[in-house]
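Here the structure comes first, spelled out in structure tokens, and everything after it is commentary.
Below is the structure:
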């Protein structure tokens, strides 16, 4: 059956099977193969099933199927070996999984007192762990204690593990604490905090017209700035409808679509539109600009914020003003659109400072 010691682990089962236009008698014997390994004192226990055929007077070995294997004699992994796989929240608590997406604080991540280590190769081991954390659920902070079975993986047969996945887990709510609506709205999950920690502050100029704001976004995309700088510039131009809430500097679904879409299509944008912004016309809160080949026009959609929300997102404001009436009045006030001489009309600065872009149409099927 293979190199090493063979030990039966179950009864010999006989059955008849139709093979090659005839009935044959087949016997199946579950076994464990204990094979030596390259490491002294460590054997590889392989689960297998030996298959035999009856030849009329005796059983003849045909083949063997191989199942799982376990290394016996391996020590428990050390804290140093697994530490490398515990450095990111994404590995510890995949954010797409229910409760884990709501975690606001992690208290402990520890190997269980008896980890019940199971090695299926020198590159992978499963152990029991204990973790504790707090989540935000509605207007409650809930503390959980979780038992989990985790699998650690590495590229070589020795050295630190670099990857981890949760095989199974059981979490129990240990404590619940009521909080106010305001506290719940401002609480950051570990995912939101990890984003906030990476925010780069960018100074956005004072825009005096919708065209000014559109041109600034256009020039930013067409510039030699890195994608990272472009992302943070556009981020500081978003209004609160693109954030999870006014008290958070975290994009919502639409905010991510705006930022990621702008970067993904930036190369196409630079190819399809000239380096110099060429204003065409204004329609409501949409500004249209020329394409390099003179065909269809590109467009961007702008909102100025109203006086009650004319703060940057960092100050908790930045909401977009809505309504065609407001935009129409604003267009007259700041001179949106070309003058009779063909140039832009003088822009009248609004007080307090108007902030920003909410939407920039990039070339998606606009050919």
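In the numbering used here, the protein residues as written are 40 to 406.
The beta-carbon is built from N, C-alpha and C at its ideal position, and this holds for glycine as well.
Note that this is a predicted model, so its numbers are computed, not measured.
Backbone secondary structure at residue i - three-state DSSP
| i | result |
| --- | --- |
| residue 236 | coil |
| residue 57 | strand |
| residue 89 | strand |
| residue 178 | coil |
| residue 50 | coil |
| residue 43 | coil |
| residue 107 | strand |
| residue 171 | strand |
| residue 123 | helix |
| residue 157 | strand |
| residue 129 | helix |
| residue 137 | helix |
| residue 82 | strand |
| residue 149 | strand |
| residue 117 | coil |
| residue 76 | coil |
| residue 271 | helix |
| residue 97 | coil |
| residue 64 | strand |
| residue 162 | coil |
Rounded Cβ spacing between residue i and residue j (contact assumed at less than 8 Å)
| i | j | result |
| --- | --- | --- |
| residue 294 | residue 281 | 4 Å |
| residue 226 | residue 175 | 5 Å |
| residue 192 | residue 163 | 5 Å |
| residue 85 | residue 101 | Actually they do not touch by this definition, with Cβ atoms about 18 Å apart. |
| residue 305 | residue 266 | 7 Å |
For residue i, the nearest candidate out of the options (CA to CA)
| i | options | result |
| --- | --- | --- |
| residue 245 | 275, 160, 190, 57 | 275 |
| residue 317 | 302, 333, 323 | 333 |
| residue 132 | 164, 170, 320 | 170 |
| residue 96 | 236, 117, 297, 64 | 64 |
| residue 189 | 45, 196, 201 | 201 |
| residue 259 | 251, 272, 248 | 272 |
| residue 321 | 268, 248, 197 | 248 |
| residue 80 | 113, 105, 92, 108 | 113 |
| residue 48 | 69, 54, 58, 57 | 69 |
| residue 71 | 92, 43, 53, 57 | 43 |
| residue 115 | 152, 277, 88, 138 | 152 |
| residue 424 | 180, 61, 161 | In the structure as shown, the chain starts at 40 and stops at 406, and residue 424 therefore has no counterpart that could be examined. |
| residue 198 | 118, 267, 338, 251 | 118 |
| residue 111 | 284, 270, 88, 83 | 83 |
| residue 217 | 239, 206, 62, 181 | 181 |
Contact test: residue i Cβ vs the ligand NAD heavy atom, cutoff 7 Å
| i | result |
| --- | --- |
| residue 161 | The ligand content of the structure shown is nil, which means the ligand NAD is not present either. |
C-beta atoms of residue i and residue j nearer than 8 Å
| i | j | result |
| --- | --- | --- |
| residue 140 | residue 228 | yes |
| residue 107 | residue 159 | yes |
| residue 408 | residue 157 | Outside the shown range of the chain (40 to 406) lies residue 408, about which nothing can therefore be said. |
| residue 187 | residue 203 | no |
Short CB-CB distance (under 8 Å) between residue i and chain C
| i | result |
| --- | --- |
| residue 160 | Of the chains in the structure shown, none is chain C; there is only one protein chain. |
Check: What are the uninterrupted segments assigned as beta strand (DSSP E) that are 3 or more residues long and contained completely in the segment 279–336, given in chain order?
Finding: 318–322, 325–328
Checklist line | alpha helix (DSSP H) runs wholly inside the segment 190–269, at least 4 long, in chain order | finding: 220–225, 229–235, 249–261
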